[in-house]
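Participant: Numbering (my numbering), first residue to last: 3 to 890. Every residue gets a Cβ at the ideal spot worked out from N, C-alpha and C, and that includes glycine. The structure presented is a predicted model; accordingly, all values stated were derived computationally and were not measured.
Structure below.
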């Protein structure tokens, strides 16, 4: 690999030796990285383009060190390809991922070719890397899209298969023959035959299993009955046809009502055996003719027996028309006994239909009127809402046309229609339930060895094809045996499978599901499939576990509390009721105050307070604050049983009850009497130390004064040195009290303004309360002193027309490259005057004050500072990292 200078040099050498130097601009334009290696494949030249792309140091990528920038999953393959190319001398064309210093792992296309000498030996390798990350992403997106399309196609195919199964069940349950045929065409597109594609159970019982046989060959004489012609007409025109046909074949011997409709490039046919109806019709007509012609009693009896014995309802009617030839009503001439069973109408003979059935549909009048007028028989199915029935009807004209009589043979098919409707609704409901539910839906084989389908709903990985590895894919290995045992028991009992168990979710994490599956039985009572649903109960199980864990933690916490209360003898932890009566008194309270539980339980807690606190109402106020404010501090002297005093540091909090509010208070206090006495002693020592420190500073100032008086007239030095020593003394005074009175930024500003007797009304302070750590106070205070001194002598406060504004604020860093956010303090010192005036060299030069701000603060406090001076203003900023001082 090489930098750009080396690359240009190499390209020049290549051009001089007849190599492809003319491609240098093209390589420079399209290659993201160029590089070189020796004949063995080891990189010997540093490549700045590689380093700029990957972030590797130039020394790190030499040899085979560049492999460290290759993605771990691609590293072995990349090294193998490169070493094999170096060994064989063949060109390299590889794709793998390398680290980009700003954008993570990116795909590159690495190509390399050897440069040979006049003897054909490899002199070196040159190559380039081209970033193809966007292309790879586009390829992966396309593959994901194709996979998603395949999944959707499979889901749709599964749905279609399910619908096909439901449809096949309905078709097979029909007593009619239902058949599907595809057209067979010659090279000119003419229909020359048809091929069977579907036979329902009724059809197979007559024709056998025909596969895709030709009906012309399987059923001889099909052309003669014009079935082929009807099939062809319907296929070509799309117009349905219906006809009664008599077949003399062995398979189809009798009369059939055939309906033909177009389906794709073919037809669907329904054939109903109407031999009985046709025979009854023929026999009825024959007997009626014989009765009318010969009036033979015997024939009349035979007709009557047949008329009264058939299951179907039968009647003859006479139509009535208005002057415009429109049917208005009909009258029953005769009915058979089955008529009443099929209609529920009694004594119909001689009566008009509209009087018997007031809400009779106009459909019936128009249909029967048409048959009476045209003489064309019709077969149809129609629902009669007025009677609450659904009829299969065969109607034909009888007698002469002028008689306008119609014979009707019918039977109620409402049970079959209701069954079909129920099946359709059940199918629709099942599909809607599966689509609407958020639960996982799955199907498995009878022995549960194969998962046939699973729709995971985003909870589990979808199983779009049958798989025998479902247990490994969804169940953790340690759960296999227990789940298999429940499955085997469900199979043995042929009972539903129910179990709450762990599963492996789509992201590989642990989830919980409640799974229930029911067996689907065949006609022989054996299991043909299991259908199941699984609900995601992960949150419920996790909540249950968390509750159990919380209960255990609470028990452990209560046990720890008991142990702490009983063993912490320097802590008084006890409770009182709402009026301050002691309710419990652990060993720690007895150790601190001296009273035993028998002596103090039920007593008013006021006996533990000093007389002066009792007189001031402290016990009542503390109890009130704890009950109504939620907290009351208790840091004061208390009384022991023997009359001695003990200093307690603690607090009181309410003990929560039900909805009625606090039931009492719990008081926690530590006996810090020894520490209190030590602190009082320490305060005396600190005050003495502070006094001695101020004396020491005074001595240093005196020595400096005497020394300077001996060395020459240095009055300005003495004044400045005295001011700075005074500032240092003031800082020491703040530090000596910092544990009792924490030092704030405002305190430092106000101290310097007061000490230098600055005009307060011309100084503005603005900023939040910021507590400074003791380690930063001295350096910061000296910088403020220098700024204030300059303002008084040379700056805005040296005359009557100036003003000083000091403002500060805190903020958190928002640099996204920072590993942790940082709290910072920003201070702005702004001096402004109305008229320009000369400024002393001490201010604009590099004196002690400015060096303190611009050099000492960045070094000591890691601060960032600015110092700007114009003719009318001075602006100084100090930006320093801070850590909040904990107080209280």
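(1) Quick check: the stretch 619-634 against the stretch 663-676, are there 3 or more CB pairs under 8 Å?
(2) Just list the alpha helix (DSSP H) runs in the stretch 175-255, keeping only unbroken ones of 4 residues or longer that don't cross its boundaries, in chain order.
(3) If you draw a straight line from the alpha carbon of residue 355 to that of residue 349, how long is it in whole angstroms?
(4) By how many angstroms is the C-alpha of residue 273 removed from the C-alpha of residue 286?
(5) Just to check my reading of the structure: residue 87 and residue 112 have Cβ atoms closer than 8 Å, yes? What is that Cβ distance to the nearest angstrom?
(6) In the DSSP assignment, find the alpha helix (DSSP H) that holds residue 39 and state where it starts and stops.
(7) If I measure Cβ to Cβ from residue 552 and keep anything under 7 Å in the same chain, skipping five residues before and after, which residues do I get?
(8) Hey, residue 537 and residue 462: beta-carbon distance below 9 Å or not?
(9) What residues in its chain sit with their C-beta under 7 Å from that of residue 803, if we drop five residues either side in the sequence?
(10) What's the call for residue 148, buried or exposed, on a 16-neighbour Cβ count within 10 Å?
(11) So what does residue 317 bridge to, in DSSP terms?
(12) When the Cα atoms are used, what is the spatial distance from residue 407 to residue 217?
(13) Put residue 486 into one of helix, strand or coil per three-state DSSP.
(14) Which residue marks the beginning of the beta strand (DSSP E) containing residue 877, and which one marks its end?
(15) Ends of the alpha helix (DSSP H) at residue 374?
(16) Taking the alpha-carbon positions, what's the residue 50 to residue 35 distance?
(17) Any idea if residue 808 is buried or exposed, counting beta-carbon neighbours within 10 angstroms, 16 or more meaning buried?
(18) Residues in the same chain with beta-carbon distance under 6 Å from residue 879, minus the five sequence neighbours each way, listed in chain order, please.
(19) Looking at residue 180 and residue 271, is the spacing between their C-beta atoms short of 9 Å?
(20) Quick one, which of 499, 85, 71, 674 has its alpha-carbon nearest residue 44's?
(21) Can you tell me whether residue 557 is buried or exposed, with buried defined as 16 or more other CB within 10 angstroms of its CB?
(22) Count the C-beta pairs between the stretch 642-652 and the stretch 614-622 that are closer than 8 Å, then say yes if the count reaches three, no if not.
(23) Are the CB atoms of residue 337 and residue 367 within a distance shorter than 9 Å?
(24) In whole angstroms, what separates the C-alpha of residue 370 from that of residue 207?
(25) Counting C-beta neighbours from all protein chains within 10 Å, is the total for residue 680 16 or more, i.e. buried, or is it exposed?
(26) According to DSSP, what are the bridge partners of residue 277?
(27) Does DSSP classify residue 530 as helix, strand or coil?
(28) Do the stretch 507-517 and the stretch 411-421 meet, that is, are 3 or more Cβ pairs less than 8 Å apart?
(29) Of the choices 732, 858, 871, 199, whose alpha-carbon is the least far from that of residue 793?
(30) List, from N- to C-terminal side, the beta strand (DSSP E) runs of 3 residues or more that fit wholly inside the stretch 591-655.
(31) Quick one, which of 422, 52, 604 has its alpha-carbon nearest residue 129's?
(32) Here's the rule I'm using: 16 or more other beta-carbon atoms within 10 Å means buried, otherwise exposed. How should residue 136 be labelled?
(33) For residue 846, does the count of other Cβ atoms within 10 angstroms reach 16, so buried, or fall short, so exposed?
(34) Using the C-alpha atoms, what's the distance from residue 321 back to residue 395?
(35) What would DSSP say about residue 328, mapped onto helix, strand or coil?
(36) Scan the stretch 56-106 and note each continuous beta strand (DSSP E) run of 3 residues or more that stays entirely inside, going in chain order.
Facilitator: Inspection of the coordinates gives the following:
(1) yes
(2) 203-209, 217-220, 229-239
(3) 12 Å
(4) 24 Å
(5) Contact doesn't hold; Cβ gap of about 10 Å is too wide.
(6) Premise fails: residue 39 lies in the beta strand (DSSP E), 35-39, not in any alpha helix (DSSP H).
(7) none
(8) no
(9) 835, 836, 837
(10) exposed
(11) 337, 410
(12) 40 Å
(13) helix
(14) 875-883
(15) 364-376
(16) 9 Å
(17) buried
(18) 830, 868
(19) yes
(20) 85
(21) exposed
(22) no
(23) no
(24) 36 Å
(25) exposed
(26) According to DSSP, residue 277 bridges with nothing at all.
(27) strand
(28) no
(29) 871
(30) 634-641
(31) 52
(32) exposed
(33) Residue placement at residue 846 is flagged as unreliable, the pLDDT there being 42, under the threshold of 50; the coordinate-derived value follows with that caveat. Exposed, since its Cβ has fewer than 16 Cβ neighbours within 10 Å.
(34) 17 Å
(35) coil
(36) 94-102
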